[in-house]
Amino acid sequence: ATGVYLVYAFWNKSEGAGLLYIGTRPTLDRSEMRFELHLSHPPKDGLYGTDMELHLLRRLREEKVFSTLADLRHQIGLDLASAHSLFRAIDPPTSVLA
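Per this note's numbering, the sequence shown starts with residue 9, numbered consecutively.
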């Protein structure tokens, strides 16, 4: 289902928590399905082209259309705050591919 998810990622012997957006970016009037990952502490050299293992831990909210980009940015801030709070309350998963 589309929406914003709390995730835990494993890549190149590294790991970290983040948010995953699955959807079509309706606020930007787009229709192509996208998967966008935001890690709490991303590596400096980026992750494009990197194989990853993602654990979807919880769906935070459904995909929404926002009136303005400012409203969208505000919601992203709320999503990040919610994610940080939830991460402190859970134990990270173990990689199944390690």
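Backbone N, C-alpha and C fix where the C-beta goes; we use that ideal spot for every residue, glycine too. Owing to the predicted nature of the structure, the values given are computational and were not obtained by experimental measurement.
C-beta contact flag for residue i and residue j at 8 Å
i	j	result
H49	G24	yes
L68	Y13	yes
L55	I98	no
Contact set for residue i: own chain, Cβ-Cβ below 6 Å, skip 5 residues either direction
i	result
L105	E61
T58	W19
Three-way DSSP call (helix, strand, coil) for residue i in this model
i	result
F74	coil
H82	helix
R96	helix
L36	helix
S90	helix
S22	strand
Length of the line joining the Cα atoms of residue i and residue j
i	j	result
L36	R81	12 Å
F95	P101	11 Å
Own chain residues within Cβ distance below 7 Å of residue i, not counting five before or after
i	result
G26	V15, A17, L45, H46, L47, S48
heavy atom of the ligand COA below 7 Å from residue i C-beta
i	result
R67	Of ligands this structure carries none, so the ligand COA is not represented either.
Other residues of its chain near residue i: CB distance less than 8 Å, five sequence neighbours each side excluded
i	result
R42	Y29, I30, G31, T32, R33
Cutoff 8 Å: residue i Cβ touching any chain B Cβ
i	result
T10	Checking the listed chains, one finds no chain B in this structure; it contains a single protein chain.
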